[in-house]
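In our numbering, the protein residues as written are 8 to 186.
Listed below in structure tokens is the structure:
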């Protein structure tokens, strides 16, 4: 990453997280227009076992990094899940939690994970074909963290409801111009 934007995720105020002390995300665009994300999780969350990289559902039921991406002003959006297991998911929505089954990823996200002495880093690259069209993107960056006792906490750039809800458009709090 040459000149990434560095942001911090925050645990939902209704939850207390003992297993993770911080989550940061560095992001930028590649020369080809792909969105590159680097999640850095400091702490000792429960990580799912390694798998063969492939599409999978329900990744958010374990430790998982996520990105929600929409064209500025559009009701439709996309959700991407990146598991430390190497599995991933990509979903389309026409509006708040309304699935769009016609959105199929033309290429898979590229992911990699590095274990660190104090946590892990997960890199994800979303090719420009995976992103919604438009000159500006509205982005929500999130993570679900599972503790070793099985409890879960929800982290995001912005929490806009009393209970965690990453699909709320008001939580897509980062606006970025596309290169």
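From the three backbone atoms N, C-alpha and C, an ideal C-beta is built for every residue, glycine too.
{"Check": "Nearest to residue 28 by alpha carbon, out of 52, 37, 35 and 122?", "Outcome": "52"}
{"Check": "Assuming residue 86 is part of the beta strand (DSSP E), what are its boundary residues?", "Outcome": "84 to 89"}
{"Check": "Can you check which of these residues, 12, 48, 11 and 9, is closest to residue 7 by C-alpha distance?", "Outcome": "Any property of residue 7 remains undetermined from this structure, which presents the chain solely from 8 to 186."}
{"Check": "Are the beta-carbon atoms of residue 97 and residue 176 separated by less than 9 Å?", "Outcome": "no"}
{"Check": "Shortest alpha-carbon distance to residue 124 belongs to which of 112, 66 and 50?", "Outcome": "50"}
{"Check": "Does the distance from the CB of residue 99 to the CB of residue 114 come in under 9 Å?", "Outcome": "no"}
{"Check": "Taking all protein chains shown into account, do 16 or more other C-beta atoms lie within 10 angstroms of the C-beta of residue 73, making it buried, or fewer, making it exposed?", "Outcome": "buried"}
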